[in-house]
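> Encoded as C-alpha coordinates, here's the structure I'll be asking about.
Structure (C-alpha coordinates):
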(Lines of atoms letter the chains of each structure in order from A; the text may use other names.)
(Lines give C-alpha, C1' and ligand atoms only; values in the text may rest on other atoms or scores of the structure.)
Protein backbone atom coordinates (compact mmCIF):
# COMPACT_ATOMS: atom_id res chain seq x y z
CA UNK A 209 0.00 0.00 0.00
CA UNK A 210 1.26 3.46 -0.86
CA UNK A 211 0.95 6.06 1.91
CA UNK A 212 -1.47 8.92 1.29
CA UNK A 213 0.01 11.13 3.98
CA UNK A 214 3.55 12.47 3.87
CA UNK A 215 6.25 10.70 5.80
CA UNK A 216 7.09 12.33 9.12
CA UNK A 217 10.72 12.20 10.21
CA UNK A 218 11.71 12.17 13.87
CA UNK A 219 15.38 12.83 14.56
CA UNK A 220 17.24 11.22 17.44
CA UNK A 221 18.37 13.57 20.22
CA UNK A 222 22.09 13.04 20.73
CA UNK A 223 23.36 13.78 24.25
CA UNK A 224 27.04 14.82 24.27
CA UNK A 225 28.15 11.73 26.23
CA UNK A 226 26.48 9.43 23.70
CA UNK A 227 28.14 10.96 20.63
CA UNK A 228 31.61 9.28 20.84
CA UNK A 229 30.40 5.67 21.17
CA UNK A 230 27.75 6.30 18.51
CA UNK A 231 30.21 7.90 16.10
CA UNK A 232 32.59 4.94 16.45
CA UNK A 233 29.79 2.77 15.03
CA UNK A 234 28.66 5.18 12.30
CA UNK A 235 25.62 6.40 14.23
CA UNK A 236 25.29 10.15 13.63
CA UNK A 237 22.45 12.62 13.10
CA UNK A 238 22.92 11.99 9.35
CA UNK A 239 22.52 8.20 9.71
CA UNK A 240 19.93 7.89 12.49
CA UNK A 241 16.24 8.75 12.30
CA UNK A 242 12.70 7.42 12.58
CA UNK A 243 10.29 7.73 9.65
CA UNK A 244 6.57 7.24 10.05
CA UNK A 245 3.72 7.14 7.57
CA UNK A 246 0.30 5.49 7.57
CA UNK A 247 1.81 2.19 6.38
CA UNK A 248 4.87 1.57 8.54
CA UNK A 249 7.41 2.69 11.11
CA UNK A 250 11.00 2.73 9.84
CA UNK A 251 14.12 3.18 11.96
CA UNK A 252 17.63 3.80 10.70
CA UNK A 253 20.43 3.72 13.28
CA UNK A 254 23.80 3.70 11.55
CA UNK A 255 24.21 0.21 10.09
CA UNK A 256 21.05 -1.10 11.78
CA UNK A 257 17.49 -0.71 10.59
CA UNK A 258 14.00 -1.81 11.52
CA UNK A 259 10.71 -1.79 9.59
CA UNK A 260 7.39 -2.49 11.27
CA UNK A 261 3.95 -2.38 9.66
CA UNK A 262 1.69 -0.04 11.65
CA UNK A 263 -0.81 -2.89 11.91
CA UNK A 264 1.73 -4.56 14.25
CA UNK A 265 2.05 -1.56 16.59
CA UNK A 266 -0.15 -2.27 19.63
CA UNK A 267 0.83 0.59 21.93
CA UNK A 268 3.32 3.18 23.07
CA UNK A 269 4.57 4.58 26.36
CA UNK A 270 7.01 7.30 27.31
CA UNK A 271 10.04 6.26 29.31
CA UNK A 272 13.41 7.54 30.41
CA UNK A 273 16.23 7.38 32.90
CA UNK A 274 18.27 4.90 30.88
CA UNK A 275 21.66 3.76 32.20
CA UNK A 276 24.52 4.91 29.96
CA UNK A 277 26.33 1.56 29.93
CA UNK A 278 23.13 -0.26 28.95
CA UNK A 279 22.19 2.10 26.11
CA UNK A 280 25.17 3.96 24.60
CA UNK A 281 26.57 2.80 21.28
CA UNK A 282 24.84 0.18 19.11
CA UNK A 283 21.25 -0.98 19.54
CA UNK A 284 20.94 -2.90 22.79
CA UNK A 285 18.95 -5.96 23.82
CA UNK A 286 16.91 -5.77 27.01
CA UNK A 287 17.47 -9.00 28.90
CA UNK A 288 14.27 -8.37 30.85
CA UNK A 289 11.77 -8.25 27.98
CA UNK A 290 13.96 -8.86 24.87
CA UNK A 291 13.09 -5.43 23.48
CA UNK A 292 15.59 -3.50 21.38
CA UNK A 293 16.79 -0.04 22.37
CA UNK A 294 18.01 2.56 19.90
CA UNK A 295 19.39 5.20 22.29
CA UNK A 296 21.26 8.45 21.79
CA UNK A 297 20.47 9.90 25.21
CA UNK A 298 19.53 8.59 28.63
CA UNK A 299 16.81 11.07 29.43
CA UNK A 300 13.71 10.30 27.38
CA UNK A 301 12.30 8.04 24.71
CA UNK A 302 9.21 6.23 23.54
CA UNK A 303 8.68 2.50 23.90
CA UNK A 304 6.73 0.98 21.02
CA UNK A 305 5.12 -2.45 21.54
CA UNK A 306 4.46 -4.88 18.70
CA UNK A 307 1.92 -7.67 18.17
CA UNK A 308 4.56 -9.74 16.39
CA UNK A 309 8.28 -9.82 17.26
CA UNK A 310 10.58 -7.81 15.01
CA UNK A 311 14.05 -9.04 14.11
CA UNK A 312 16.90 -6.55 14.44
CA UNK A 313 19.90 -7.80 16.41
CA UNK A 314 20.08 -11.56 15.78
CA UNK A 315 21.45 -12.38 12.31
CA UNK A 316 20.03 -15.94 12.59
CA UNK A 317 16.50 -14.56 12.92
CA UNK A 318 15.72 -16.61 16.03
CA UNK A 319 15.44 -13.70 18.44
CA UNK A 320 12.54 -11.35 17.90
CA UNK A 321 11.89 -8.14 19.80
CA UNK A 322 8.40 -7.50 21.20
CA UNK A 323 9.12 -3.79 21.41
CA UNK A 324 11.58 -1.01 20.65
CA UNK A 325 12.70 2.05 22.58
CA UNK A 326 13.54 5.11 20.48
CA UNK A 327 15.20 8.20 22.00
CA UNK A 328 14.01 10.71 19.46
CA UNK A 329 14.09 14.47 20.01
CA UNK A 330 10.29 14.58 20.44
CA UNK A 331 9.19 11.31 22.08
CA UNK A 332 5.70 12.53 23.03
CA UNK A 333 5.05 13.66 19.45
CA UNK A 334 6.19 10.32 18.03
CA UNK A 335 4.00 8.43 20.52
CA UNK A 336 0.99 10.60 19.63
CA UNK A 337 1.59 10.16 15.88
CA UNK A 338 1.85 6.38 16.27
CA UNK A 339 -1.36 6.25 18.31
CA UNK A 340 -3.14 8.42 15.73
CA UNK A 341 -1.98 6.45 12.68
CA UNK A 342 -2.09 2.87 13.90
CA UNK A 343 -5.17 0.88 12.93
CA UNK A 344 -7.84 0.38 15.58
CA UNK A 345 -7.70 -3.05 17.25
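Numbering (the numbering used here), first residue to last: 209 to 345. Glycine included, C-beta positions come from ideal geometry on N, C-alpha and C. Predicted model, so just to flag it, every value in this text is computed and none were measured.
Closer than 7 Å by C-beta to residue 281: which residues in its own chain qualify, once you throw out the five before and the five after it? Chain order, please.
For residue 281, where only same-chain residues beyond five positions count, the Cβ hits under 7 Å are 229, 230 and 233.
> With DSSP as the reference, label residue 324 as helix, strand or coil.
If DSSP states are grouped into helix, strand and coil, residue 324 belongs with the strands.
> Find out if the Cβ-Cβ distance for the pair residue 331, residue 321 is shorter than 8 Å.
no
> Between the alpha carbons of residue 237 and residue 252, how many angstroms are there, rounded?
10 Å
> Leaving aside the five residues before and after residue 313 along the sequence, list all residues of the same chain whose C-beta is less than 7 Å from its C-beta, in chain order.
283, 285, 292 and 319
> For the beta strand (DSSP E) containing residue 270, list its first residue and its last residue.
265–272
> For residue 298, does the count of other Cβ atoms within 10 angstroms reach 16, so buried, or fall short, so exposed?
So residue 298 counts as buried.
> Roughly how many angstroms separate the alpha carbons of residue 333 and residue 242, rounded to a whole number?
12 Å
> Is residue 213 helix, strand or coil by DSSP?
Shown here, residue 213 sits in coil according to DSSP, grouped into three states, outside any helix or strand.
> Taking three-plus beta-carbon pairs below 8 Å as touching, is the region 260–273 in contact with the region 301–308?
yes
> Under three-state DSSP, which class holds residue 293?
Strand, per DSSP.
> Here's the rule I'm using: 16 or more other beta-carbon atoms within 10 Å means buried, otherwise exposed. How should residue 335 be labelled?
buried
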